[in-house]
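K.L.:
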Amino acid sequence: MKGYSFGHDHSAAGELVFNTGLVGYPEALTDPSYRGQILTLTYPIVGNYGVPNTQELDELGLKKNVESDRIQVSGLLVQDYSAEYSHWNSVKSLAQWLQEEKVPALFGIDTRMLTKIIRDKGTVLGKIEFDGQPVEITDPNQRNLVAEVSTKDIQVFGKGNPIKVVAVDCGIKHNIIRLLVKRGAEVHLVPWDQDLMSLEYDGLFISNGPGDPSLAKTLVQNVRKVLESDRPQPVFGICMGNQITALAAGAQSYKLPMGNRGQNQPVVNVMTGQAFITAQNHGYGIDSESLPPGWSPLFINANDGTNEGIMHNTKPVFTAQFHPEAKGGPTDTEFLFDAFISLISKGKEGSIASVMPKKPVVPQRIQVSKVLVLGSGGLSIGQAGEFDYSGSQAVKAMKEENLQTVLINPNIASVQTNEVGTKQADSVYFLPVTPAFVTEVIRVERPDGILLSMGGQTALNCGVELFQSGVLQKYEVQVLGTPVESIMATEDRQLFSDKLMEINEKIAPSIAVKTVADALKAAEEIGYPVMLRSAYALGGLGSGLCANREKLEDTARKALAMSKQILVEKSLLGWKEVEYEVVRDVADNCVTVCNMENFDPLGIHTGDSIVVAPSQTLSNEEYHMLRETAIKVVRHLGIVGECNIQYALHPSSLEYCIIEVNARLSRSSALASKATGYPLAFVAAKLALGIPLPDIKNAVSEQTTACFEPSLDYIVTKIPRWDLDRFQGMSREIGSAMKSVGEVMAVGRTFEESIQKALRMCHPSVDGFVPRLPLKRAWAEQLDLQRELSMPSSTRIFSLAQALHGGLTVDQIHDLTAIDKWFLHKLRHITEMEKHLSQYNSTTVPRDLLLKAKRDGFSDRQVGQALDILEGEARTLRLNQNIGPWVKQIDTLAAEYPAATNYLYCTYHGQEHDLDFKDHGIMIVGCGPYHIGSSVEFDWCAVSSIRALRQMGKRTVVVNHNPETVSTDFDECDRLYFEELTLERILDITQQEGCTGCIVSVGGQIPNNLAMPLHLNGVKILGTSPPQIDRAEERSVFSSILDDLGVGQAPWRALSSLRCQSAFKQQTLEVLKHVDWNHARSSVSYIQPSCRGPWKRRAEVGEMKGEREGILPHGAAHSPSVGFRLAAEGTSSILMVSLLLKQVRKAVEISIFWDSSVRSVCCFWLEGQCFGNEDAVSFASNVGYPCLLRPSYVLSGSAMNVVYGEDEMKRFLEEATQVSQDHPVVITKFVRGAREVEVDAVARMGKVSDE
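The sequence shown lines up with residues 1 to 1251 when you count with UniProt numbering.
Written out as structure tokens, the structure reads:
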């Protein structure tokens, strides 16, 4: 492997290990347990929040921000390094720190591949070697590493504290000392080989440390003497301390196959059965079977069953293999320090059982036989396909437990309302989710359980009403999962505030009110600006930022029209917004499944914000501070199942406020589930039945428990999809009330790769992070860029590109937007790469630069634009240089354990694929983001198609990027790619997978538009042939066919807004010079250039024979045109030439027409028409207004408008040509008073089935 140095340029050797933590690199690098090791960080982006002051001391004289006096690792390996950091507490970059301490470090490493090697081979020795600096590979575990890191002299901390604790320094972390002193201990830190029997103490502590415990023979002997002496003082060991104590007791240690190193390891307390998430860093373990009589395991690893701690059955001696001091990592087991001090305080009266947390009272598993699942009803803003996903998961979980299920949902387009199938409900009621209808279903079906959390706000509100009205009690229906009282405490703003005050948690100053007058009074008390929030509201409905009395009065009046209660809250505008998805079971086991950070600062609804997972700018302290709070809140509220908690975090301090808790599945839940691979809704449904987390299997890995916190070795970026242009006069501004109708999720190994992919996913017309609006709309003539940046809008991301291209600095943009500088630095990298790439052409661009561009998320089209070549040429260029994407798995575990997952993404950061490609399945192209005209119905189509294919024994490959869908459930198909629906990426996947066919007809307009391009690139399209799809989609061609068939239609004409005649002629000739006619002629009988008038005249000018300069628009009556009359021997040859001509059209903005008047041959015409507003007006004057403008290849009538006059004609024609840039717009006479009739049919080989 080769990488790029960002540390000290000096060779080093050591044992290769990995750590799966998402945060905490300053803490990990200074952990003495890593002495002699080359550390690989599995999370790919490192250095984001820089390095704090590593010399600053705390009140004990310890290094405040790190865990020892120096960096302990021998070297560091990462995939991507952030040279520009952003954090209020940092003073230097990671590179600067590594160089100061002379530690080598490399980036550009395929850390996932390396992790798999370490995982599979066990002990791996390696080296970082620079040219001219050879170094031998050595095994550090042959040295007594404990002796190397231990103190040489006795040190005292917390002098004067009442409890004397002797701590044996095997490589102790500073936070262990702090936590002991904090609890009243005077800590005497002694060398590893100190004679312990000669010391007086109240308690003995044995610390963590590196290496093979069996080499610390003196320490083992000294501890054995203590254990055999019957000294009454308690003994507590951590990590190495666990191993030393076990060896001293007579047990055996062994080298673990791969070690446990990370921040998400689940351990189970054998005494209580309770599970905890822990930080770990050890390569050796204790064989529990070798423990002598009188000793027992105290903790075991829930994943691999290895020992995680021991205890003496009668003496006050206990240990933990994990790190309860948690720097970095979760703080769940910090109570062990309390247990140790309590044992000391209780003396002979104490026992290990008496100081450990009491075994939780676990209710018996809920006994139900029939469960009613409430759906979300019709889709709306703030409540869309994510609840089809969650409801479907719930039904699947119930059926897996052999329970009858009854579903209420009137949405006929959803997957969950399918009437048949192994994953479907036993009974489906297409009824409104309202108390009256649900009561009637309960009366008829008599379920004994009901799920409220899977149907969004609609189901939740309905369930609360049923509870309050006594219906559930009357019919003896149990609410499964979170109790209704807890739901009410999260939805009622005053109750929520009171609940948080009970546990001294932080919320923004706020007052709950029920009248406009009280709202105004509250705002005067709090001070403007204030944020208004509605109770029991969907998607932030009724909320808004109010800067003054007038705005508040208006917003409050509207909010109270929809809700009985509103909350007036102090504005925290500009703070960071962070979310956690939390899961809790009836046994009080609690995990956070995903943490997410909003790209946009607080003030924008999270559904309307760009969101990244995991967080990118939070330090270990911030990350785990909020995690700890989330668990505390969820436990206090009594949540059972899943919930979402949202925070406001001050951008330059540790101050935070809790914004809200959603005690149900949400859009964020769906995103978190797809981002991590953790099936949140499925697990939540199981928890609602009273099944403990450790008893639920991780369905993705098939090897571990669901009681864990996923590790990500990639970054996910979510971007909302808006359709605000569909509504005349609709403001593009966004705020606390949700406006987006869908979202996309992109997976990459860097932020640059991920966000560029996500932007392209939002709309086919978007090339990436570019200073151009979607659909190539023009910027306002008087563009106020500062206002565009300071005012959040649906197009602000493109304004950021415009600003960076225009030379605004990161600091200037940050001042205007409050977006964290780390994100802005990354976006600046993209603009710099584009400018750098533009300095080359296709023959001079270096391979390394081309690869770097692809790693930064540049598409082939973007690369082509920068190099001034076509997209297809850019693809050929990179393939010729052997540059292609690698396929990686999303396995929830960052490759720590082998996984059988089929959940995949593509990246240019890598050196190997995670799997082989022997399935040769059938590809189903999904629907992309939900938007107006393309919603859950296409997911139903895709899922139905997938299930039908699998029933036929066919392997399936699904490509989609919509996290709200059932089709992106990993177990719906054989292989799932969370990827772009672009020609480039579909070709990448089909060619890699060797797909035997591709279905584009079940995903709506986006895949349908790809049919012809895929066909022309050799992809076998199943179903209707692409040329026929093209004839149906191309309005002008379809109208011509109707004329040929004699089917009546309104008068029509094709229009395009094109270049003027001279520019058209000159550019057409220029492009035709570069067409490979020799290759083209090998596919057709002959090529004969022709020229004609707009519709009728045709004059032949002789055969081509390579005379490209001879193509002239002779005979054109009104406008220039160049045509090719093809006598082709087969469809493939026609399509090959069609592709050439379409490339020409892309370059010069011209149109292609299929000429149905020529029966014996297939003719394509490159038509450079100068039709514009005048021609459209002329047509309208001839046939009379109103007229209908109809673009081609668009969905649900996008830009289709009825025109009643000349002014509207000009405006709507411009809009139509924007959405149909590659195809002519057809204008027809609008027929008033006509009835609309449609017919659905199934056809085979062009014949409609009558069955």
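Here a beta-carbon is modelled for each residue, glycine too, at the ideal position from N, C-alpha and C. Predicted, not measured: the structure shown is a model, and the values here were computed from it.
Using beta-carbon positions only, say whether I71 and E101 come within less than 8 Å of one another.
P.N.:
Yes, the Cβ-Cβ distance between I71 and E101 is below 8 Å.
K.L.:
Just the C-alpha distance for S842 and Q865, rounded to the nearest angstrom, thanks.
P.N.:
Computed Cα separation, rounded: 11 Å.
K.L.:
In the DSSP assignment, what residue or residues form a beta bridge with I163?
P.N.:
DSSP lists A185 as partners of I163.
K.L.:
Determine the contact status of A12 and V149, defining contact as a CB-CB distance below 8 Å.
P.N.:
No, the pair does not count as a contact, with Cβ atoms beyond the cut-off.
K.L.:
Counting pairs of beta carbons, one from the segment 190 to 197 and one from the segment 300 to 312, are three or more of them closer than 8 Å?
P.N.:
Segments in contact, no.
K.L.:
Per DSSP, which residues does H1223 bridge with? Please list them.
P.N.:
DSSP lists no partner for H1223.
K.L.:
Measure how close the beta-carbons of T892 and V700 come, nearest whole angstrom, since I'm counting them as under 8 Å.
P.N.:
Right, their Cβ atoms sit about 5 Å apart.
K.L.:
Quick test of your reading: R975 and N902, contact by CB under 8 Å. State the CB separation rounded to the nearest angstrom.
P.N.:
Right, their Cβ atoms sit about 5 Å apart.
K.L.:
If you follow the alpha helix (DSSP H) that S1192 is in, where does it begin and where does it stop?
P.N.:
Premise fails: S1192 is in no alpha helix (DSSP H) and is neither H nor E.
K.L.:
Among G1197, A1216, L1195, S1198, whose alpha-carbon lies nearest the alpha-carbon of A1176?
P.N.:
The option with the nearest alpha carbon to A1176 is A1216.
K.L.:
Does the pairing of the segment 351 to 358 with the segment 425 to 437 give three or more beta-carbon distances under 8 Å?
P.N.:
Flag = no, the segment 351 to 358 and the segment 425 to 437 do not touch.
K.L.:
With DSSP collapsed to three states, give me the class of E550.
P.N.:
Looking at E550 - three-state DSSP - the assignment turns out to be helix.
K.L.:
Apart from the five residues on each side of it in sequence, which residues of its chain come closer than 7 Å, Cβ to Cβ, to V513?
P.N.:
So the list reads A519, A522, I566, V568, once near-sequence residues are dropped.
K.L.:
Spell out whether any CB of chain C is found under 8 Å from the CB atom of L532.
P.N.:
No chain C appears in the structure shown, which is made up of a single protein chain.
K.L.:
What separation, rounded to the nearest whole angstrom, lies between the Cα atoms of V165 and D338?
P.N.:
Whole-angstrom Cα-Cα distance: 13 Å.
K.L.:
I'd like the list of long-range same chain contacts for M258, defined as Cβ closer than 7 Å, with 5 residues on each side in sequence excluded.
P.N.:
I118, R119, G122, listed in sequence order.
K.L.:
From which residue to which residue does the alpha helix (DSSP H) around I172 run?
P.N.:
Looking at the DSSP string, I172 is not in any alpha helix (DSSP H), and its letter there is neither H nor E.
K.L.:
If you draw a straight line from the C-alpha of residue 1291 to the C-alpha of E980, how long is it?
P.N.:
The chain is shown only over 1 to 1251; residue 1291 falls outside these bounds and no answer can be derived.
K.L.:
Quick one: is Q133 buried, meaning 16 or more other Cβ sit within 10 Å of its Cβ, or exposed?
P.N.:
Counting Cβ neighbours within 10 Å, Q133 comes out exposed, since fewer than 16 surround it.
K.L.:
Just the C-alpha distance for Q265 and A275, rounded to the nearest angstrom, thanks.
P.N.:
For Q265 and A275, the distance between alpha carbons rounds to 10 Å.
K.L.:
Identify, in the order they occur along the chain, each residue of the same chain with its Cβ nearer than 6 Å to the Cβ of G455, setting aside the five sequence neighbours on each side.
P.N.:
Excluding positions up to five away in sequence, the list reads L374, G375, S376, F387.
K.L.:
Report buried or exposed for S609, applying the criterion of at least 16 other Cβ atoms within 10 angstroms of its Cβ.
P.N.:
Buried is the call here.
K.L.:
Quick check on N882: buried or exposed, where buried means 16 or more other Cβ atoms within 10 Å of its Cβ?
P.N.:
Exposed, since its Cβ has fewer than 16 Cβ neighbours within 10 Å.
K.L.:
Is G36 near A105, with beta carbons less than 8 Å apart?
P.N.:
No, they are not a contact pair.
K.L.:
Starting from E334, trace the beta strand (DSSP E) both ways and give me its first and last residue.
P.N.:
Here E334 belongs to no beta strand (DSSP E), and DSSP marks it neither H nor E.
K.L.:
Just how far apart, CA to CA, sit I1021 and K888?
P.N.:
Each residue's alpha carbon lies about 26 Å from the other.
K.L.:
With a threshold of 6 Å on Cβ separation, who are the neighbours of M1012 within its own chain once the five nearest residues in sequence on each side are excluded?
P.N.:
So the list reads P1026, D1030, once near-sequence residues are dropped.
K.L.:
Do V441 and V406 come within 8 Å of each other at the CB atom, strictly closer than that value?
P.N.:
Yes, Cβ-Cβ distance for V406 and V441 is below 8 Å.
K.L.:
Return the chain-ordered list of same chain residues with a C-beta closer than 7 Å to the C-beta of S214, the five sequence neighbours on each side being excluded.
P.N.:
Within the same chain, S214 has close Cβ partners L247, S253.
K.L.:
Between which residues of its own chain and H312 is the CB-CB distance below 7 Å, once the five residues before and five after are set aside?
P.N.:
Result list for H312: G294, W295, in chain order.
K.L.:
Cα separation between V1202 and T1228?
P.N.:
Approximately 10 Å between the Cα atoms of the pair.
K.L.:
Given a cut-off of 8 Å on the beta-carbon distance, is the pair R112 and D713 in contact?
P.N.:
Yes, the pair counts as a contact, with Cβ atoms nearer than the cut-off.
K.L.:
Where does the unbroken beta strand (DSSP E) through E743 begin, and where does it stop?
P.N.:
Per DSSP, E743 belongs to the beta strand (DSSP E) from 742 to 748.
K.L.:
Counting C-beta neighbours from all protein chains within 10 Å, is the total for R760 16 or more, i.e. buried, or is it exposed?
P.N.:
By the 10 Å Cβ count, R760 comes out buried.
K.L.:
Where do the N-terminal and C-terminal ends of the beta strand (DSSP E) with V371 fall, by residue?
P.N.:
First-last of the beta strand (DSSP E) with V371: 370 to 374.
K.L.:
Rounded to a whole number of angstroms, what is the C-alpha to C-alpha distance between L545 and V371?
P.N.:
If you take the alpha carbons of L545 and V371, they lie about 41 Å apart.
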